[in-house]
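Take 2 as the starting number for the sequence shown in this note's numbering and just add one per residue.
Ideal Cβ placement from N, Cα and C applies to all residues, glycine included.
What follows is a short report on a single structure.
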Amino acid sequence: MVKAIRGVLLHCDPSVKEIIIRLNREHNFIILDINMTTLFVDKEYLNKIEEETEAMLNHIVKKNLE
């Protein structure tokens with residue numbers, strides 16, 4: 002039997018992809034790591050990925066400005 006999973010292609014630069022992979026350890030939303038800049042992720046987690054990635058990037062920028 003074939004199992005289909007709804008997902009979305011997520012394109013980003015490699016540094017952001019590393020942040021997303023780190024977030025995946027907690028939530029397990031990556032379905033397939035396609036290449037250096039593309040992930041296939043569970044559609045249900047897209048907003049959470051965007052929010053948490055943005056929060057992490059803001060934290061990194063803020064830390065570097067101090």
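- In the three-state DSSP reduction, ILE50 falls in the helix class (H, G or I).
- Pairing ILE31 with THR54 gives a Cβ-Cβ distance that is not under 8 angstroms.
- Rounded to whole angstroms, LEU10 and ARG26 show a C-alpha spacing of 19 angstroms.
- Of the candidates MET37, ALA5 and ILE61, the residue whose Cα lies closest to the Cα of CYS13 is MET37.
- Less than 8 angstroms divides the Cβ of ILE50 from the Cβ of LEU24.
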